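Q:
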Amino acid sequence: MRQLTEQAQHIVIFTHMAPDGDAMGSSLALWHYLQKATVIVPNAFPAFLSWMPGADKIRIYEKEAEACNKLIEDADLFICTDFNDPKRIGPMGEKMLANPAKKILIDHHLNPVDFADEVHSFPEASSSCEIVYRILRKDLSNPNNLNVDIATCLYTGLMTDTGNFSYNSARCELYEIIAELVRAGVQKERVYDAVFNQYSTDRMRLTGYALYRKMRIYPDYHLALITLDANELDRFHYQQGDCEGLVNMPLQIGDVYYSVCMREERAKPGTPKSRIRISFRSQGDRPVNIWASEVFHGGGHMNASGGELFGTIEQAVRLFEDTYKKYLKI
Ligand code: 5GP
Ligand code: MN
Numbered sequence: 285m286r287q288l289t290e291q292a293q294h295i296v297i298f299t300h301m302a303p304d305g306d307a308m309g310s311s312l313a314l315w316h317y318l319q320k321a322t323v324i325v326p327n328a329f330p331a332f333l334s335w336m337p338g339a340d341k342i343r344i345y346e347k348e349a350e351a352c353n354k355l356i357e358d359a360d361l362f363i364c365t366d367f368n369d370p371k372r373i374g375p376m377g378e379k380m381l382a383n384p385a386k387k388i389l390i391d392h393h394l395n396p397v398d399f400a401d402e403v404h405s406f407p408e409a410s411s412s413c414e415i416v417y418r419i420l421r422k423d424l425s426n427p428n429n430l431n432v433d434i435a436t437c438l439y440t441g442l443m444t445d446t447g448n449f450s451y452n453s454a455r456c457e458l459y460e461i462i463a464e465l466v467r468a469g470v471q472k473e474r475v476y477d478a479v480f481n482q483y484s485t486d487r488m489r490l491t492g493y494a495l496y497r498k499m500r501i502y503p504d505y506h507l508a509l510i511t512l513d514a515n516e517l518d519r520f521h522y523q524q525g526d527c528e529g530l531v532n533m534p535l536q537i538g539d540v541y542y543s544v545c546m547r548e549e550r551a552k553p554g555t556p557k558s559r560i561r562i563s564f565r566s567q568g569d570r571p572v573n574i575w576a577s578e579v580f581h582g583g584g585h586m587n588a589s590g591g592e593l594f595g596t597i598e599q600a601v602r603l604f605e606d607t608y609k610k611y612l613k614i
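Residues in the sequence shown are numbered from 285 upward in steps of one, following our numbering.
(1) Considering only residues of the stretch 491–556, which uninterrupted alpha helix (DSSP H) runs meet the minimum length of 4 residues and lie entirely inside it, listed in chain order?
(2) Check whether the Cβ atoms of residue 580 and residue 598 lie closer than 8 Å to each other.
(3) Looking only at DSSP bridge pairs, what is residue 607 linked to?
(4) Residue 601 by DSSP, collapsed to three states: which one?
(5) What does the shell around the ligand 5GP hold, if a residue joins when its beta-carbon is under 5 Å from any heavy atom?
(6) So, is residue 551 buried or exposed, given that buried needs 16 or more other C-beta atoms within 10 angstroms?
(7) Quick one: is residue 531 buried, meaning 16 or more other Cβ sit within 10 Å of its Cβ, or exposed?
(8) Using a Cβ distance threshold of 8 Å, determine whether the stretch 358–374 contacts the stretch 392–411, with at least three qualifying pairs required.
(9) Work out the CA separation of residue 333 and residue 326 for me, nearest whole Å.
(10) May I have all residues whose beta carbon comes closer than 7 Å to any heavy atom of the ligand MN, sorted in chain order?
(11) Are there 16 or more other CB atoms within 10 angstroms of the CB of residue 481, so buried, or fewer, so exposed?
(12) In the structure shown, what three-state DSSP assignment does residue 382 receive?
(13) Compare the C-alpha of residue 610 against each of 445, 342, 297, 505 and name the closest.
(14) Within the same chain, show all residues whose beta-carbon is closer than 7 Å to that of residue 574, passing over the 5 residues directly before and after it, in chain order.
(15) Entirely within the stretch 346–372 and at least 3 residues each: give me those beta strand (DSSP E) ranges in chain order.
(16) Round the Cβ separation of residue 360 and residue 385 to the nearest angstrom and send it over; I've been treating them as touching at under 8 Å.
(17) Starting from residue 593 and walking both ways along the beta strand (DSSP E), at which residues does that stretch end?
(18) Can you say whether residue 507 is buried or exposed, counting buried as having 16 or more other CB atoms within 10 angstroms of its CB?
(19) Among residues of its own chain, excluding the 5 on either side of residue 434, which ones have a beta-carbon nearer than 7 Å to its beta-carbon?
(20) Apart from the five residues on each side of it in sequence, which residues of its chain come closer than 7 Å, Cβ to Cβ, to residue 526?
(21) Can you check DSSP and say which residues form a bridge with residue 299?
(22) Can you give the Cα-Cα distance for residue 242 and residue 409, rounded to whole angstroms?
(23) Use the C-beta contact count for residue 563: other C-beta atoms within 10 angstroms, 16 or more gives buried, fewer gives exposed.
(24) Using a 10 Å radius around the Cβ and a threshold of 16 neighbouring Cβ atoms, would you call residue 382 buried or exposed?
(25) Could you say which of 301, 555, 419, 330 lies nearest to residue 285 if we only look at CA atoms?
(26) Going straight from the alpha carbon of residue 608 to that of residue 348, what length do you get?
Here it is as structure tokens:
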């Protein structure tokens with residue numbers, strides 16, 4: 285990576301749509317480190333990540349497409365973090381591919397699409413932040429290079445992509461990295477508080493409503509389904525990120541091992557159908573990514589995947605009910 289970044293003058297760092305803590309953390313850590321890059325995300329990030337150092341400098345394609353197109357055309361190096369397919373950055377994917385500049389991929393999703401010149405793909409890693417740390421380790425072992433902003437960004441991704449170290453987090457190396465980050469000044473309790481203890485009242489009530497009124501259990505398959513349509517989301521003044529983590533909650537039930545959450549996004553002007561955004565989670569040796577990819581045009585990790593359907597919640601539920609027995613283990 286060093287050779288490519290040293291030669292480049294106009295580096296664009298991309299991360300995926302609906303950025304999460306790992307997407308933001310890995311891209312911003314590199315941004316702080318390189319000091320000469322621009323981070324562009326396809327759409328807005330949730331408010332509970334807006335405190336992250338450098339977040340206010342991120343460019344959002346949906347808000348300023350023209351300026352971002354110019355940055356993409358002028359770029360002489362692209363770094364893609366936390367996604368494995370140019371499609372995950374929306375229309376920017378095509379624009380990036382149209383620029384012959386070199387591309388570096390840093391990611392932990394399975395089966396990356398073959399588009400980058402330099403690939404750091406480690407599906408066994410907890411997070412893309414862990415991979416960024418490993419890549420920069422040599423430089424970061426000089427304390428002058430691992431400043432508190434870089435460390436805080438990396439810690440945020442490690443924390444969020446492992447559910448505060450409750451899954452994908454059994455390897456010792458992770459805790460060695462955390463020790464280095466805390467030594468560099470990360471205030472881990474404050475990061476936890478900033479990310480996880482910032483619900484609005486509406487978001488908390490939406491969570492309660494979803495669990496009390498909208499959760500169905502399919503006991504034979506240890507499966508839970510939550511659905512929220514656009515009217516229901518309106519009632520609770522839904523903001524981007526308000527359903528983050530909701531899909532994990534049914535897994536707290538002793539004999540629920542699979543959980544799915546469906547959320548309706550109203551049709552954009554000029555498009556006829558709503559988009560149903562679907563999140564899949566599972567525990568242990570129970571893959572959900574094949575189901576997400578073969579039936580719902582998505583994919584992801586074995587235990588955490590996403591997908592979509594254009595239509596109504598009822599259609600999505602019908603497809604779900606027609607297919608879960610084929611893809612899930614009893
Ligand atoms: P979430 O449910 O949090 O939106 O997504 C869970 C995981 O699945 C994330 O790691 C995300 O990268 C992956 N994922 C979500 N949507 C898609 C998709 O449409 N395609 C692929 N390949 N992965 C996805
Ligand atoms: Mn990630």
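The beta-carbon is built from N, C-alpha and C at its ideal position, and this holds for glycine as well.
All values reported here derive from a predicted model rather than from experimental measurement.
A: Reading off the structure:
(1) 514–519
(2) no
(3) None; residue 607 has no bridge partner.
(4) helix
(5) 563, 582, 583, 584, 588, 589, 590
(6) exposed
(7) buried
(8) yes
(9) 15 Å
(10) 304, 306, 307, 366, 392, 411, 412, 441, 445
(11) exposed
(12) helix
(13) 505
(14) 611
(15) 361–365
(16) 5 Å
(17) 588–594
(18) buried
(19) 313, 316, 317
(20) 487, 490
(21) 365
(22) Past the boundaries of the shown model lies residue 242; the chain is included only from 285 to 614, so the question cannot be answered.
(23) buried
(24) exposed
(25) 419
(26) 40 Å
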